[in-house]
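In the numbering used here, the protein residues as written are 655 to 1323.
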């Protein structure tokens, strides 16, 4: 099918703001209107996501849909400023965009909205606003709870990726507007955008509990507000999977879910594989709800999930062995909790052992070096490695060797009887598969700031020495424990470099006799639905040339002279080491370099320091720009200290500079 690709068009809003859009139209759409699919994100449709957009939106156009890719206000070539993520203004603009699309002569009036990550979030949020033309959404790697399951906080603990992502956003939103699109005024608008740039990491760090800031845009606040069908997608190697079962359990509209083994990548390119024919699944979803064709999608199991088989715990994993299963409804009647008891002798057993024993644990502050990255993206070295590296700093409870397979699907839950010797303390809980070789594979985990033990909205300090009963819900997972393997649950009190440490090194004391682990075990004798996907398909590829292969480095070390543990990652050429690329159609070349260095002394949480250095260079013959940033975070017992420095260059000349310095009180964190 011949496609019409509109490189740029303007969507003018009621207040005069123009949003930049790129559009793919199927042949004949202007004489015979078709439904439209919208993706609405701040990552620059002109060049930032061009390589990904073309084969996806081109595929939709090949299958009879107008595909519309829009840059949010203040990003890419769109007018205005972007003050923060997921603002009401962002949603308001989306309502106007959807109405504009529905009114075009090439559109039938029916619109779907889709996306992953940011655009997965905002299609849920926009669905809550119920624009009349929006008939269905497809959300990938998103969340219903912006505090509990986003890149800023986890279990009431501050994620170190908050600084990482905030720093990337400084570079992303400092990129210039393209002169070929906006004309001679590009430079003045670029400098104005830099001058109004918020200091993102500090903005997010200020909100340390589930307050009104995080409730805005968290669709769990009102499930009933969403009244169009929802297809929700997640991946076990990603960090946004917990929302899939929650959305399926709580939405009051037709909903289906898919969870694969993937990281933060659309499933037609999913890593770890196997990738699937995701675009075919998307077209089936759109055909059902935008064209009124019965494609059988509602006959599919409500949840189709990949069950991981155990593998050697190496940091790089391109393929994941396992199998697809289907649950007709969610929660599934074929899944029931199996209770295991923590015992004072380190056993994890089917029966409790009455004992007055109390087990203290105080992990070194660099405990967590085998964790891998909070969010998998399919790059080398990011997966959790052999957990024996961290087992030495935790309390470990292990089953006997299994005589039969145990398959779990859902969120394991740990109930702990404990006390602490400080008002603020952390838990890091890991569920692991102990292989016959002795290697230990992490299956799931969760961290918890114990001041958030009862509520993320109203945290409360611990009373030192007082016993508490604490529930820790681990991240959802799908895994098969094989005969000859053992199941282990481990409890520590730090998880660096994933989370920022508590203000003091607390000792937590567990009472095993009152502590249990509930595993969501699938009944393998229950009827099993067959799940199959077509192989991956794509539309036309973006003409592009890699001009430098790039490099990814990932290292941890310990200096025995200074007593400092260091964790370093560095991506050269691309954010994840993808290399330097040139988009041949527009001549634009992109190079993104980023280095993280996190240091801490195992005995001192206040020694934590995080420095992130990056550069983003883009341009073509006769036009070249570069943005450089350095951000840093430290803390004392009462405050976080964040600083940032940004320099923008046009050619060899410095054209803008920004400096930030923020001191933010710690609130039970």
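Positions of the beta carbon are idealized from the N, C-alpha and C atoms, including for glycine.
Option in the options with minimal Cα separation from residue i
i	options	result
residue 808	1001, 1169, 1083	1083
residue 1269	984, 1234, 1288, 1114	1234
residue 760	1113, 678, 811, 861	678
residue 1207	852, 1036, 1166, 1296	1036
residue 1200	1227, 717, 718	1227
residue 850	983, 1310, 1317	1310
residue 980	893, 1176, 1194	1176
residue 1132	1164, 1117, 1119, 1097	1097
residue 1104	1071, 998, 1232	1071
residue 1078	740, 1301, 664, 1291	1291
residue 1095	1237, 954, 963, 671	963
residue 1306	1323, 1317, 1279, 968	1279
residue 665	1165, 733, 999	733
residue 987	1182, 892, 805	1182
residue 1120	1164, 1323, 1099	1164
residue 1211	1064, 1256, 1195, 1260	1256
residue 1064	1048, 1050, 737, 1099	1099
Residue environment, residue i, which counts as buried when at least 16 other CB atoms sit within 10 Å
i	result
residue 842	exposed
residue 758	buried
residue 684	exposed
residue 1215	exposed
residue 656	exposed
residue 1111	exposed
residue 1092	exposed
residue 824	buried
residue 837	exposed
residue 1143	buried
residue 906	exposed
residue 898	buried
residue 767	buried
Supposed contact pair residue j and residue i - C-beta distance, whole angstroms, cut 8 angstroms
i	j	result
residue 1045	residue 1150	Not confirmed; about 16 angstroms, so no contact.
residue 904	residue 855	Rounded, the Cβ-Cβ distance is 31 angstroms, inconsistent with contact.
residue 753	residue 776	Not confirmed; about 16 angstroms, so no contact.
residue 938	residue 961	With 8 angstroms as the limit, residue 938 and residue 961 do not qualify as a contact, their Cβ atoms being about 23 angstroms apart.
residue 991	residue 1172	4 angstroms
residue 781	residue 730	So it is not a contact: roughly 23 angstroms between Cβ atoms.
residue 910	residue 956	6 angstroms
residue 1250	residue 943	Contact doesn't hold; Cβ gap of about 42 angstroms is too wide.
residue 958	residue 912	5 angstroms
CA-to-CA distance, residue j to residue i, given in whole angstroms
i	j	result
residue 661	residue 711	13 angstroms
residue 763	residue 935	22 angstroms
residue 1281	residue 1299	11 angstroms
residue 1137	residue 966	16 angstroms
residue 1262	residue 810	18 angstroms
residue 1125	residue 880	30 angstroms
residue 1265	residue 1285	6 angstroms
residue 704	residue 1147	43 angstroms
residue 918	residue 1030	6 angstroms
residue 1274	residue 701	12 angstroms
residue 1066	residue 1296	35 angstroms
residue 783	residue 1217	54 angstroms
residue 828	residue 1042	42 angstroms
residue 995	residue 1005	6 angstroms
residue 974	residue 931	17 angstroms
residue 971	residue 1001	31 angstroms
residue 914	residue 1010	43 angstroms
residue 1076	residue 1114	12 angstroms
residue 1026	residue 671	42 angstroms
residue 1135	residue 1054	12 angstroms
residue 1254	residue 1238	44 angstroms
residue 821	residue 1283	8 angstroms
residue 695	residue 1293	33 angstroms
residue 1116	residue 1169	19 angstroms
residue 719	residue 688	6 angstroms
residue 1017	residue 1221	17 angstroms
residue 1056	residue 927	28 angstroms
residue 785	residue 714	22 angstroms
- Item | Ordered list of alpha helix (DSSP H) runs contained in the stretch 1009-1092, each at least 4 residues | As far as the stretch 1009-1092 is concerned, its whole alpha helix (DSSP H) runs of at least 4 residues are 1042-1045.
- Message: I'd like the ranges of any beta strand (DSSP E) spanning at least 3 consecutive residues and lying wholly in the stretch 910-969.
- Response: 957-962
- Message: Could you tell me which whole beta strand (DSSP E) segments of length 3 or greater appear in the stretch 1171-1223?
- Response: For the beta strand (DSSP E) assignment, the uninterrupted runs of no fewer than 3 residues enclosed by the stretch 1171-1223 are, from N- to C-terminal side, 1198-1202, 1205-1213.
- Let me know the alpha helix (DSSP H) ranges lying completely inside the stretch 790-868, each 4 residues or longer, listed in chain order. 815-826, 833-836, 840-849, 854-859
- Which ranges does the alpha helix (DSSP H) cover as unbroken runs of at least 4 residues, wholly within the stretch 683-721, from first to last along the chain? 704-716
- Message: In chain order, what are the residue ranges of uninterrupted beta strand (DSSP E) at least 3 long that sit wholly in the stretch 1092-1154?
- Response: 1094-1103, 1122-1127, 1131-1135, 1140-1146
- Message: Could you tell me which whole beta strand (DSSP E) segments of length 3 or greater appear in the stretch 741-782?
- Response: 761-770
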